[in-house]
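Asks: There's a structure below that I have some questions on.
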Amino acid sequence: MNKFDKAYLKMALEWANLSYCKRKQVGALIVKDRMIISDGYNGTPSGFENCCEDEGGKTHWYVLHAEANAILKLASSTQSAKGATLYLTLSPCKECSKLILQAGISRLVYINEYSDDDGISFLRNHNIEIEQISDCELKK
Ligand SMILES: [Zn+2]
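For my numbering, count along the sequence shown from 1 and bump the result up by 451.
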């Protein structure tokens, strides 16, 4: 196992802790040429109230996923995600997998498996290199 992959995933876990969402906390880092070019965690858009769930505990539809936030952050920078590696604490959903592909990310490393694996299958079918490093492997 690549020691850098492990270190970046640990950082992604720290980023997940920054999320104010209660149901799920997800962290993302985009790394290119061993430099972090973007980061993100799930949350509401800028200027919104820092609350991800409604009274029933259901996540608001407008909450942005961690990887979407990290990819969107690049839109206002001079960096591009082309050929970059995306580190995620949770595998991407279908919606985000489209963004990952379109952003030109070529490799994905993640820790936990999202309940719906359509996103991962989609990326695999489009030749994105995928690697899972489990929580216990990370602690070794
Ligand atoms: Zn998503």
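For every residue, glycine included, the Cβ atom is placed at its ideal position computed from N, Cα and C.
All of these numbers come straight from a predicted model, not from anything done at the bench.
For the beta strand (DSSP E) containing MET486, name the first residue and the last one.
Replies: Segment 486-492, the beta strand (DSSP E) holding MET486.
Asks: Does GLU582 pass the burial test, meaning 16 or more other C-beta atoms within 10 Å, or should it be called exposed?
Replies: Exposed, since its Cβ has fewer than 16 Cβ neighbours within 10 Å.
Asks: Should PRO496 be counted as a contact of ligand 1 given a C-beta to heavy atom distance under 7 angstroms?
Replies: Every heavy atom of ligand 1 is 7 angstroms or more from the Cβ of PRO496, so no.
Asks: From what residue to what residue does the alpha helix (DSSP H) around LEU515 run?
Replies: No alpha helix (DSSP H) holds LEU515; DSSP gives it neither H nor E.
Asks: Kindly indicate if chain B contains any beta-carbon less than 8 angstroms away from that of LYS590.
Replies: As a matter of chain content, chain B is missing from the structure shown, which is built from one protein chain.
Asks: Please tell me whether, using a cut-off of 7 angstroms, the distance from the CB of GLU564 to the nearest non-hydrogen atom of ligand 2 is below it.
Replies: Here the bound small molecules are ligand 1; ligand 2 is not part of this structure.
Asks: What whole-angstrom Cβ distance do LEU539 and VAL477 have, given they're in contact under 8 angstroms?
Replies: Right, the Cβ-Cβ distance comes to about 7 angstroms (below 8 angstroms), so this counts as a contact.
Asks: When the distance is taken between beta carbons, is ASN493 closer than 8 angstroms to LYS475?
Replies: Yes. Within cutoff.
Asks: For a test of your reading of the model: does the CB of ALA532 fall under 7 angstroms from any non-hydrogen atom of ligand 1? Yes or no.
Replies: ALA532: no, Cβ never under 7 angstroms from ligand 1.
Asks: Any contact of the segment 501-510 with the segment 541-560, i.e. 3+ C-beta pairs under 8 angstroms?
Replies: In short, these stretches do not touch, since the Cβ pair count stays below three.
Asks: Measure the CB-CB distance between ALA532 and LEU525 and report whether it falls below 8 angstroms.
Replies: In contact: ALA532 and LEU525 (Cβ atoms closer than 8 angstroms).
Asks: Which of helix, strand or coil does DSSP assign to ASN578?
Replies: Coil, per DSSP.
Asks: Using 8 angstroms for Cβ pairs, my map puts LEU574 next to LYS457. What's the rounded Cβ distance?
Replies: Rounded, the Cβ-Cβ distance is 21 angstroms, inconsistent with contact.
Asks: Beta-carbon within less than 6 angstroms of TRP466's beta-carbon, same chain only, minus the 5 sequence neighbours each way: which residues are those?
Replies: Here the set comprises GLY478, ASP490, TYR492.
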